[in-house]
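Residue numbers (full-length UniProt numbering), protein chains in the order written: chain A, 1 to 357; chain B, 1 to 323.
Single-structure report; data block below.
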Amino acid sequence: MSAAAYLPAPRLGEWLKELSGRYLVLAPQARGDTVVFAPFTGDAEPVLDRDAAMPPKQAVFPATEELLRYRRVKDPEDPGKVDVEVSASLRAVETVVFGAKPCGARGFLAYDRVFRSPAISDPYYAARRAKTLFITMACAAPGNSCFCHWVGSGPSDSSGSDILLTPVADGFVVQAVNERGEELMNSPLLEPAGTREAKAREIQDAAAKALPAAPDISRAKDSLMAVFEDLAFWEEVSAKCISCGACTYLCPTCYCFDIGDEDKGMSGRRLRTWDNCMSFRFTLEASGHNPRPTKAHRLRNRVGHKFSYYPALHGGAVACCGCGRCVRLCPVSVDIREIVLAAIARAARVREESAHD
Amino acid sequence: MSALEMLKDKIREALPSLEFVIGWEQGFDALHATPFFMRTAEDVEKLVFGPLCVHNLSTYLPSFRGRKVGIVLKGCDSRGAIELMQEKLVERENVVIFGLPCSGVADLAKLGRFAGDLDRVLAVTWDDETFVLTTPAGEVRVPREAALADKCLTCQFPNALEADHFAGEPLPPATGPDMGSDRGGEELAALEAMAPADLMAYWAEAMERCIRCYACRNACPMCVCRDHCIAHRRDLQWLGQDDTPREKLMFQLIHTLHLAGRCTECGECQRACPVGIPILALRRKMNRVIRELFDYQAGLDLQAVPPLFTFQVEEANIEERKW
Ligand code: SF4
Ligand code: SF4
Ligand code: SF4
Ligand code: SF4
């Protein structure tokens, strides 16, 4: 890794403008009372003092993506015969996501194992992923709903980032995480970091220490399986859930999608859209049967997928980056941390009871 | 005895004949209360009530049809329960209502304008005049008027309108700007003054950030189609799948129209929206129209028939023949 650089705070806008010349730069910006990632135009300052409501997943995995267009063409000789012309749509532009928190960028590691595995590569995902770079901002202080350290991460985890910034007095220490990040750093606006690099490390350490001790969730995978059939448990923990889909759409690691055609006369488009396991239609079968008929089944799917089924398939990696968005922004404050711990406790109790029998 | 203690006593007494009573407990941090299903006397100990108990719990009622449950309701929330009962979506005899007087709930979005990052608020206290938020940067004081939800500033019904048990002293109806035809205040006035193209541009900008999560729909007590919502029908595709403000606004307009004469203006739709889209204005507008046309407000009277549930050959305020 190359030496760290320093960007004085007043130069931030210039750096982003410079990057905007070569990339589409998505930066957190205020919209009403909310912060969302939007193209940086230079009209407004990026908002860096709180995490955006939406993680930057739109950059790589858009809410709606056109996969292909098709057109039915009648054979002039034999009008009963119809041919279909298909053209793939793949628009991926060189993008820099600026100012996401490390957790938001790390979310894509969960996607990569699914969409860009040795066995299968989703060309749409792979193309956008390859063209998207992340300049993230280490957290100087964790928030009330943050629990990145529960899932093996931390406030300055750079594993999903290409560049990691650390806010220091009057500016940012800029560290390249990989070669792609290094390339972004050859800007005349950056100065050598000097002693600020040590200062940045102090800030990073302090943020990590500010998090309350993490409980041991290594049993989550097996515990969630152990309580899988325990519907009374799932009904209890999902009682207040209103079964919207906010938690999954806001989540940097939720990747479920649905594919449907939008037909207009002789032509149409095939679209891929976000799906979510909180919705009734998620596993609705053509017969009308739904294997996940109630919100208890659906919440079980959400928690189970992140902390049990996914880790079982991907070498123990948890499909949750601990960003806390689903807790923070849930209309009724359903808390995934609480549910995971409750499942671990419930499974332990069942184990104990059966040992006594 | 405080109203909360009185309420706890009443709930403990009633619990044996009920599956559970829905109230609130402290949530994951100081700022959040969270809906709470009390099943045992020990649970009741954890019940809280205050300006952070923002949720309209009547949202849960339709899913418990035919079951005996209890629910704690503030004045405005009781209108949701009443409207559901008027529409025969909830059976009055199966619900035990614990009514409360409410002197207003906080709008967290408004508090955020003072405190910055709400996720860093460490403690919250309040009195009749001020909310005090403790943040890492120090104390932030927010005047009550600036912290309360809009609906509370013009609240007509601070006491539950229908209750089997009522805990505490009933409050006098709040005074303030007229809640009648002016309800909606400056926000609605500004929108009504806009030329159609500007209005469309306003909504296009606001809906841009909508993620189509439908929290607005699921938080709404009167949205009862739930799993069969028009927004999820693929066979007919009333809504396209495109991620465009146009499709997203289309859903809001459907919601607004499906709530005509039924919306109690509880504000849950807007409160639930994770990206803070000011969608309540659409409902307020519709409510104003309903009041003008039918002289009707939803959820006030168990016996009343909502205007769109009935038909009159000659409506008093609709001058059909003069078209
Ligand atoms: S957990 Fe919260 S956000 Fe997610 S579906 Fe349930 S109520 Fe909605
Ligand atoms: S499950 Fe919740 S905390 Fe975990 S990554 Fe998703 S939104 Fe963040
Ligand atoms: S539309 Fe909004 S304000 Fe009206 S009843 Fe539903 S949630 Fe309440
Ligand atoms: S809650 Fe907000 S973001 Fe979600 S669908 Fe409704 S308006 Fe859109």
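A virtual CB, placed ideally from N, CA and C, is assigned to each residue, including glycine.
For Gln241 of chain B, which residues in chain A fall below 7 Å Cβ to Cβ?
-> Thr64, Gly260, Glu262, Leu271, Thr273
Cβ-based burial, Phe134 of chain A [other Cβ within 10 Å; buried from 16] | buried
Against chain B: residues of the segment 151-166 of chain A by CB proximity under 9 Å | none
State the DSSP-derived secondary structure class of His289 of chain A, mapped to helix, strand or coil.
-> coil
Can you pull the chain C residues whose beta carbon is under 9 Å from the beta carbon of Cys323 of chain A, in chain order?
-> No chain C is present in this structure, whose protein chains are A and B.
Looking at Arg217 of chain B and ligand 4, is the gap between the Cβ and the nearest heavy atom below 8 Å?
-> yes
Give the interface partners of Tyr23 of chain A over in chain B, defined as CB-CB distance under 7 Å, in chain order.
-> Within chain B, no residue comes near Tyr23 of chain A; the closest Cβ sits about 21 Å away, beyond 7 Å.
Residue nearest to Leu259 of chain B in terms of C-alpha spacing, selected from B:His232, B:Arg217, B:Ala231 | B:Arg217
Quick one: is Arg31 of chain A near chain B, going by C-beta distance under 9 Å?
-> yes
Closer than 7 Å by C-beta to Gly154 of chain A: which residues in its own chain qualify, once you throw out the five before and the five after it? Chain order, please.
-> Cys148, Ala208
So, are the CB atoms of Cys251 of chain A and Cys146 of chain A less than 9 Å apart?
-> no
Can you check DSSP and say which residues form a bridge with Tyr6 of chain A?
-> A:Val173, A:Glu191
Could you list the residues in the UniProt domain "4Fe-4S ferredoxin-type" (254-283) of chain B with a C-beta less than 9 Å from some C-beta on chain A, going in chain order?
-> Glu268, Arg271, Ala272, Cys273, Pro274, Val275, Gly276, Ile277, Pro278
Contacting residues, own chain, Cβ-Cβ under 8 Å from Ser181 of chain B (five flanking each side not counted) | Per-residue confidence for Ser181 of chain B stands at a pLDDT of 47, beneath the threshold of 50, marking its modelled position as unreliable; the derived number appears in the next sentence. So the list reads Arg288, Arg291, Glu292, once near-sequence residues are dropped.
Excluding the 5 residues preceding and the 5 following Glu19 of chain B in the sequence, name in chain order all residues of the same chain whose CB lies nearer than 7 Å to its CB.
-> Arg67, Lys68, Val69
Name the chain A residues whose beta carbon is nearer than 7 Å to that of Thr34 of chain B?
-> Lys240, Val332, Ser333
Contact between the segment 296-307 of chain A and the segment 273-284 of chain A: three or more CB pairs below 8 Å?
-> yes
Mind checking if Gly13 of chain A is an interface residue toward chain B, Cβ cutoff 9 Å exclusive?
-> no
By how many angstroms is the C-alpha of Arg65 of chain B removed from the C-alpha of Ala53 of chain A?
-> 35 Å
Is the Cβ of Ser267 of chain A closer than 9 Å to any Cβ of chain B?
-> no
Ala246 of chain A CB to nearest heavy atom of ligand 4 below 8 Å = yes
Alpha-carbon spacing of residue 358 of chain A relative to Arg71 of chain A, whole angstroms = What the structure shows of chain A is the stretch from 1 to 357, and residue 358 of chain A is not part of that stretch, so it cannot be assessed.
Starting from the N-terminal end, write out each residue whose C-beta falls within a distance shorter than 6 Å of any non-hydrogen atom of ligand 2.
-> A:Leu250, A:Cys251, A:Pro252, A:Thr253, A:Lys306, A:Cys320, A:Cys321, A:Gly322, A:Cys323, A:Gly324, A:Arg325, A:Cys326, A:Ile336
Can you give me the start and stop residues for the alpha helix (DSSP H) that Met250 of chain B sits inside?
-> 245-258
Tell me where the beta strand (DSSP E) around Phe98 of chain B begins and ends.
-> 95-99
Local conformation of Asn287 of chain B per DSSP, three classes = helix
State yes or no: is the beta carbon of Tyr296 of chain B nearer than 9 Å to at least one beta carbon in chain A?
-> no
Quick check: the segment 161-174 of chain B against the segment 74-81 of chain B, are there 3 or more CB pairs under 8 Å?
-> yes
If we call anything under 9 Å between Cβ atoms a contact, is Tyr111 of chain A one with Phe61 of chain A?
-> yes
If the cut is a Cβ gap below 9 Å, which residues of chain B does Ser279 of chain A touch?
-> Tyr214, Asp227, His232
What residues from chain B crowd round Asp49 of chain A, counting only those whose CB sits closer than 8 Å?
-> Gly116, Asp117
How should Gly315 of chain A be labelled, buried or exposed, when 16 other C-beta atoms within 10 angstroms of its C-beta is the threshold for buried?
-> exposed
Between the Cα of Leu4 of chain B and the Cα atoms of B:Phe28, B:Val44, B:Phe37, which residue gives the shortest distance?
-> B:Val44
If you scan the segment 59-88 of chain A from start to end, which runs of the beta strand (DSSP E) of 3 or more residues do you find wholly inside it?
-> 64-74, 82-88
Could I get the ranges of all uninterrupted beta strand (DSSP E) runs contained in the segment 126-166 of chain B, with 3 residues as the minimum, in chain order?
-> 130-135, 138-143
For chain B, find out if any of its Cβ atoms is closer than 9 Å to the Cβ of Val168 of chain A; answer yes or no.
-> no
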